[in-house]
Amino acid sequence: MENKQRSLLFKLVMCQGIGNLGRLKYLQHALKTNTIEFCVEEIIKIAEITTYKKNFLDSWYYWSKHEKILKFYEQNCSFFTILDSIYPQLLKEIYNPPALLFYKGDLQLLHRKKLAMVGARQMTIYGKQVIEQFVPSLINEGFTIVSGLAKGVDSYVHQMAINCQGKTIAVIGNGLDYFYPKDSEWLQKKLEKDQLILSEYPADSGPKKFHFPARNRIIAGLTLGTCVIEAKKQSGSLITAQAAMEYGREVFAIPDSIFHSNSIGCHALIQDGAKCTVSVQDILEELVIY
């Protein structure tokens with residue numbers, strides 16, 4: 001039955017018109033009733049699909065007609081589900097945990113202690129200096145660094161972890177076979193070979209605006225805490241930090257000049273209760289029990 005549940009979850013991920021919450025509702029009902037064989041109308045009712053019902057039906061019937069192709073995809077891509085033992089407990093505890101994640105790389109990194117480090121796409125020299133000071137020490141303390149492979153702070157965090165012979169995980173807002181941003185293709189290939197990349201989206205999915213807030217909840221959910229290095233007033237990094245706060249995780253914010261636009265987000269986080277962080281020790285003393 002578990003294999004059938006995995007296969008149906010995979011099919012639901014490949015279908016348009018159903019989101020992660022809908023997939024979780026289906027799975028919860030299937031486990032509660034100890035049932036796996038649902039007709040498509042039952043799935044629509046259980047998952048509460050309304051607005052995009054036609055999209056879902058079109059996708060469902062397409063994949064039902066091309067079962068061999070779907071099975072080929074399932075057997076030739078790497079993924080794990082919330083039903084699998086490898087699924088991280090911290091991630092399972094959040095609201096709306098991903099029902100299925102595609103991956104490339106070393107899954108064992110999921111069970112190391114992890115810290116998220118995120119920040120501005122327009123990284124300054126100051127942000128670069130902070131990363132160069134913090135990441136080596138955190139690696140030496142046994143942390144795996146999690147970020148989003150975005151331009152600027154995120155990409156440099158991954159690079160610094162690799163340069164320090166450390167471990168890093170990228171959670172991306174597109175499929176694993178789609179390179180975004182394009183100039184980070186080399187880094188994405190490096191990460192999938194020696195580190196770990198995770199995505200909620202099928203392999204050839206391009207980035208969409210709504211993918212990134214969803215991606216950010218996973219970054220926050222995987223980790224013990226989130227450290228924000230440079231963030232403007234409307235920075236996506238603040239979504240990650242807010243999610244971490246909602247999950248009861250630690251949030252660390254690096255202060256900077258009050259006259260710099262890249263510091264507005266971090267200072268707002270500090271005012272909202274994030275820890276004003278000026279050294280690695282500020283992080284370690286909050287996470288010492290781990």
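Residue 253 in the UniProt record's numbering sits at position 253 of the sequence shown; the count goes up by one each step and never skips. The beta-carbon is built from N, C-alpha and C at its ideal position, and this holds for glycine as well. Bear in mind the structure is a predicted one, so any value in this text is a computation, not a measurement.
Given a cut-off of 7 Å, decide if residue j and residue i are closer than it, judged by their beta-carbon atoms.
i      : j      : result
Gly105 : Glu192 : yes
Val171 : Met117 : no
Ala253 : Val288 : no
Leu115 : Gly225 : yes
Leu9   : Thr124 : no
Leu109 : Thr144 : yes
Val280 : Phe134 : yes
Gly175 : Pro202 : yes
Ala231 : Ala120 : yes
Thr223 : Val146 : yes
Arg215 : Ala99  : no
Lys151 : Pro181 : yes
Ile49  : His29  : no
Ile219 : Gly148 : yes
Can you tell me whether residue i is buried or exposed? The criterion is at least 16 other CB atoms within 10 Å of its CB, across all chains shown.
i      : result
Asp154 : buried
Thr277 : buried
Cys15  : buried
Gly248 : exposed
Lys53  : exposed
Ile86  : exposed
Arg112 : exposed
Gln242 : buried
Leu269 : buried
Leu21  : exposed
Gly206 : exposed
Per DSSP, which one or two residues make a beta bridge with residue i?
i      : result
Leu100 : Thr81
Lys275 : Phe252
Ile36  : Partner(s): none; Ile36 has no beta bridge.
Ala30  : BP columns for Ala30 are empty, so no partner.
Val118 : Val228
Gly105 : Leu196
Just checking my contact of residue i with residue j at CB under 8 Å: how many whole Å lie between their CB atoms?
i      : j      : result
Tyr126 : Asp256 : 6 Å
Leu70  : Lys11  : 6 Å
Leu101 : Phe79  : 6 Å
Leu91  : Gly173 : Not quite, the Cβ-Cβ distance comes to about 17 Å (not below 8 Å), so this is no contact.
Phe56  : Gly17  : 3 Å
Gln75  : Ile36  : The pair is not a contact, with the Cβ atoms about 19 Å apart (cut-off 8 Å).
Ile197 : Ala161 : The pair is not a contact, with the Cβ atoms about 13 Å apart (cut-off 8 Å).
Leu284 : Glu141 : 6 Å
Tyr61  : Ile43  : At roughly 12 Å, the Cβ-Cβ gap does not stay under 8 Å, so Tyr61 and Ile43 are not in contact.
Asp204 : Tyr178 : 6 Å
Asn34  : Arg217 : 30 Å between Cβ atoms; not a contact.
Curious, which full-length beta strand (DSSP E) runs of at least 3 residues does the region 215–239 contain?
225–229
Within the region 128–206, ranges of the alpha helix (DSSP H) (whole runs, at least 4 residues):
153–163, 185–194
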